[in-house]
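Enquirer: Can you read through this structure? Questions will come right after.
Number of protein chains: 2
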Amino acid sequence: MPLLKSWVESANAADCPFPLNNLPYGVFSTPDLSARCGVAIGDMILDLKRAEADGVIAQSGAAVFAGPAWNAFMALGRDRWAGLRNRLTALLSDGSDGQTALSALLVPMADATMHLPIQVAEYTDFYAGRNHAFNVGTMFRGAENALPPNWLHIPIGYNGRASSVVVSGTDIRRPWGQLKGPNDDRPRFAPSQRFDIELEMGAIVGQPSSGPITVQEADDNIFGYVLLNDWSARDIQAWEYQPLGPFQSKATATSISPWIVTAAALEPFRCDTPEREVPLLAHLQDAGPALFDIDLRVTLAPEGKAATTIAETNYNVMYYSAAQQLAHHTTSGCPMRVGDLLGSGTISGPDKTARGSLLELSWGGKEPLTLDSGDTRSFIEDGDTLTLAGAARGDGFTIGFGTCVGTVRPALDDPYTRG
Amino acid sequence: MPLLKSWVESANAADCPFPLNNLPYGVFSTPDLSARCGVAIGDMILDLKRAEADGVIAQSGAAVFAGPAWNAFMALGRDRWAGLRNRLTALLSDGSDGQTALSALLVPMADATMHLPIQVAEYTDFYAGRNHAFNVGTMFRGAENALPPNWLHIPIGYNGRASSVVVSGTDIRRPWGQLKGPNDDRPRFAPSQRFDIELEMGAIVGQPSSGPITVQEADDNIFGYVLLNDWSARDIQAWEYQPLGPFQSKATATSISPWIVTAAALEPFRCDTPEREVPLLAHLQDAGPALFDIDLRVTLAPEGKAATTIAETNYNVMYYSAAQQLAHHTTSGCPMRVGDLLGSGTISGPDKTARGSLLELSWGGKEPLTLDSGDTRSFIEDGDTLTLAGAARGDGFTIGFGTCVGTVRPALDDPYTRG
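Sequence lines, in order, name chains A and C.
Under our numbering, the first residue of the first sequence is numbered 3, with each subsequent residue one higher.
Under our numbering, the first residue of the second sequence is numbered 3, with each subsequent residue one higher.
What follows is the structure in structure tokens.
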């Protein structure tokens, strides 16, 4: 598929992340416009609330784009997802007679504030990267016991905390927590000293289910994808995670990028999961290629200094797809809802420079990174800005995710002082 | 405090679970009345939607009792919680001049269908019973490693799945899942054979918080308590829980009783947590007695047969209070929301007959229970009805929780057949 040309000129540049082929969905506001649904095209945002009110986008029934979340639209189902994408593609195409009506509904992206694109129903985080699981397992349990016995049979996951999901750009406060190092006599309560990122993709569930669903049905129920940074306090995690898993170490914040890149836009970039080391049981077997070829990059910028790229990898290295994760999520009859968010797990490639966490990049702090500024890093320091970026690269066009950014602010002096 | 007498005569019986001292909050409907908020008094429910509309209960601003959840009222804060309780106590007291106006707003409990009393924002399950943790740890890891090293320092918890919370009376479908016994070569996908209950109390968070809060603040933010049965598939759990904790084993369903017994009603029953085996860090220390003296009972009735009491215990045996759990939940800055539900963890007393799960009662299936009917049970069989009951017993009155009931239905023949 070539670049689709739009009458919005900025969308036609070869390096534009938001060409007509993409059409990612977000929620934006400006000083004059309340938070509402919009679609990115070039360096502009089409205001879908006004498009709907004006009848440019025909909708039956209640307004679904007026509110600050895509949930109401997602709930309408796949036919309507396809219908909107087709309509927007037609209206924004070069030569469309929609240009006059729509031009007045475009807002410069530079003037907009982005918000969470969905109301997150519940948030689940997986552990589906083979290299990440092996690296972390090696550090925690030794190379021989690195991969848990169940890992090759089920996409291991745990429930996270939906209330902690924030949009890119939100500052992240270094957490306090209970810590106990291996040589400490007893735990203490202190700010985390091993605060970290996890480079992930987030899959957004757009249709509900009330019992077990197949991998194909799961794939069909995924509305789109975002970049996701699952901020992790490694020292809190090491002390708390046995026997019931990570809890406060993962509850400070999870950042997501503001633009939902739809599954439809990613169709040309589908690719297979890797060959299975042991066969999966029937209910988890692939129903077709369900990973995506998406280049990913992480940069770290110390306060007031330039950013250094610290990792480059690709979503296609994962062992389990989001569709397999969602199918597994439903096996016990667990009801899934519109707006559920599934984190892929940390995406680490096989190379040392392709690791999606500082824990792996600095090998638990034993091999600190040297940044372009000359600073070294084992874990995040106060004032550091961490940025994830992602893009699927087609022939003459790019399906960009934009960025997922967070700056880490110092821990509170006294966490029990209000205000 | 003695029994408070009401003009609703049934509320004055010595064994009535819902005297004027209690006033628990629920959501009910009848064939004629949509789901709405109500308060139990004797064998009647006072319709708070109509009471509010009629001006009997003065409310400023928007109607908060008309919808099918207590969240809107909880969000108004503690002063309003106290105000409503005071007003209801006055109106329903023997000799009140509210009798005429209110009599028309009473609905026989027998005619009502009960619903979930809250919209569950997120659900967290803890592991705060010393005996339960020791029993389960002994079975899984041996007596010497029974209690994890962190257990005496933090109330261990994990995030559960809010979408799986159902109201008492909802049938529970035996789940399928991936299973692998210690002697199996490889896992298989099959219905759970070790399906179990967990006897717990649920604490309902009634006020939001956005950073770490103290144990006292946490106690203040708890609106009330319910009975909670955290249905658990032990065979799924054993295979999946390392390293990130329980996931699908706990996602089939969690049942709660329909009546929220308020923290205010439980005030006379406060009691201390047990003496600490090691001192807690300052931020988790008790701020006063925050457990409650609540008798708890579990019965099991095979299909078509009488129920047998299989466990009797008390909430006062827990090591951590809900206030300590909620305070711990916020340490990393995790935002808490109105409607968050916290499971206490399984409540097992020191005696063999005081254990709150079949896993413990049958010691992993090695010591099956014999029921009054002559049937034996290691785990739940299809058609079994499990009932939790709870009550705080005062001098001449009872603060009853009612019951939390669920009947287990056979697993689906083929979980991937729709409809």
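Ideal Cβ positions, reconstructed from N, Cα and C, are used throughout, including at glycine.
When you check each C-beta in the stretch 269 to 297 of chain A against every C-beta of chain C, which residues fall closer than 8 Å?
Expert: Val280, Leu283, Ala284, His285
Enquirer: Report yes or no: do three or more beta-carbon pairs, one from the stretch 316 to 328 of chain A and one from the stretch 221 to 230 of chain A, lie closer than 8 Å?
Expert: Below 8 Å, enough C-beta pairs join the stretch 316 to 328 of chain A and the stretch 221 to 230 of chain A to call them touching: three or more.
Enquirer: Starting from Asn133(A) and walking both ways along the alpha helix (DSSP H), at which residues does that stretch end?
Expert: Its alpha helix (DSSP H) spans residues 132 to 143.
Enquirer: So, Asn231(A) versus Gly402(A), is the Cβ gap smaller than 8 Å?
Expert: no
Enquirer: May I ask you to list the residues that DSSP assigns as paired with Asn161(A)?
Expert: Thr126(A), Asn161(C)
Enquirer: Quick check: what's the CA-CA separation for Ala37(A) versus Ala106(A)?
Expert: 18 Å
Enquirer: Taking the alpha carbon of Ala265(A) as the point to measure from, which residue in Met76(A), Leu35(A), Gly57(A) has its own alpha carbon closest?
Expert: Met76(A)
Enquirer: Kindly indicate if chain C contains any beta-carbon less than 8 Å away from that of Asn161(A).
Expert: yes
Enquirer: Mind checking which residues open and close the beta strand (DSSP E) that includes Thr178(A)?
Expert: It is worth fixing the name first, because residue 178(A) is Trp in this sequence and not Thr. That run of the beta strand (DSSP E) goes 178 to 181.
Enquirer: If we count Cβ pairs, one from each stretch, closer than 8 Å, do we get three or more for the stretch 196 to 213 of chain A versus the stretch 283 to 300 of chain A?
Expert: yes
Enquirer: Does the distance from the CB of Gly306(A) to the CB of Asn23(A) come in under 8 Å?
Expert: Not closer than 8 Å, so no.
Enquirer: Excluding the 5 residues flanking Pro157(A) on each side, which residues of the same chain have their C-beta closer than 7 Å to its C-beta?
Expert: Phe128, Ala130, Tyr322, Gln326, Gln327, His330
Enquirer: Sorted by chain position, which residues of the same chain lie with C-beta nearer than 7 Å to Thr355(A)'s C-beta, five sequence neighbours on each side aside?
Expert: Contacts found: Ala313, Glu314.
Enquirer: Once the 5 residues before and after Ala65(A) are set aside, which same chain residues still bring their CB inside 8 Å of it?
Expert: Lys51, Glu54, Ala55
Enquirer: DSSP state of His117(C), grouped into three classes?
Expert: DSSP places His117(C) in strand when its eight states are reduced to three.
Enquirer: Strictly below 7 Å CB to CB, what residues from chain A border Ala74(C)?
Expert: Under the 7 Å cutoff, chain A gives no residues; its nearest Cβ is about 17 Å from Ala74(C).
Enquirer: Residues in its own chain within less than 6 Å of Leu78(C) by CB, not counting five upstream and five downstream?
Expert: Taken in chain order, the list of residues that qualify is empty.
Enquirer: Please classify Gly404(C): is it buried, with 16 or more other beta-carbons within 10 angstroms of its beta-carbon, or exposed?
Expert: buried
Enquirer: State the start and end residues of the unbroken beta strand (DSSP E) segment that holds Asp232(A).
Expert: 224 to 232
Enquirer: What is the C-beta distance between Pro276(C) and Ala413(C), in whole angstroms, given that I count them as a contact (C-beta under 8 Å)?
Expert: No, Pro276(C) and Ala413(C) are not in contact; Cβ-Cβ is about 40 Å, not under 8 Å.
Enquirer: Identify the residues that DSSP records as bridge partners of Asn316(C): which are they?
Expert: DSSP lists Asp297(C) as partners of Asn316(C).
Enquirer: For a test of the three-state rule: what should DSSP assign to Leu268(C), helix, strand or coil?
Expert: Three-state result, Leu268(C): helix.
Enquirer: Establish whether the CB of Pro304(A) and some CB of chain C are separated by less than 8 Å.
Expert: no
Enquirer: Quick check on the DSSP output: what are the complete alpha helix (DSSP H) runs of length 4 or more inside the stretch 302 to 386 of chain C, in order along the chain?
Expert: 324 to 331, 360 to 363
Enquirer: Would you call Asp386(C) buried or exposed, if buried means 16 or more other Cβ atoms sit within 10 Å of its Cβ?
Expert: buried
Enquirer: Measure from the C-beta of Ser36(C) to each C-beta in chain A and report whether the shortest distance is under 8 Å.
Expert: Judged by the 8 Å Cβ criterion, Ser36(C) is not in contact with chain A.
Enquirer: At 3 residues or longer, and completely inside the stretch 21 to 92 of chain A: list those beta strand (DSSP E) runs for me, N to C.
Expert: 27 to 31, 38 to 43, 46 to 49
Enquirer: Between the C-alpha atoms of Pro270(C) and Thr400(C), what's the straight-line distance to the nearest angstrom?
Expert: So the alpha carbons of these two residues sit roughly 11 Å apart.
Enquirer: Distance check for Asn318(C) and Arg379(C), CA to CA, integer angstroms please.
Expert: 27 Å
Enquirer: Considering just the uninterrupted stretch of the alpha helix (DSSP H) at Ser105(C), what are its terminal residues?
Expert: That run of the alpha helix (DSSP H) goes 101 to 105.
Enquirer: Listed in chain order, which residues of the stretch 176 to 190 of chain C have Cβ atoms closer than 8 Å to some Cβ of chain A?
Expert: Pro177, Trp178, Gly179, Gln180, Lys182, Arg188, Pro189, Arg190
Enquirer: Within the chosen definition, does the stretch 16 to 36 of chain C reach the stretch 117 to 128 of chain C through at least 3 CB pairs nearer than 8 Å?
Expert: yes
Enquirer: Mind checking which residues open and close the alpha helix (DSSP H) that includes Glu242(C)?
Expert: 236 to 242
Enquirer: Report all residues from its chain with a CB closer than 6 Å to the CB of Pro337(C); omit the five preceding and five following residues, and keep chain order.
Expert: Ser212
Enquirer: Can you tell me where the beta strand (DSSP E) holding Ala205(C) begins and where it ends?
Expert: 201 to 207
Enquirer: Using 8 Å as the threshold, is the C-beta distance between Gly351(C) and Asn152(C) below it?
Expert: No.
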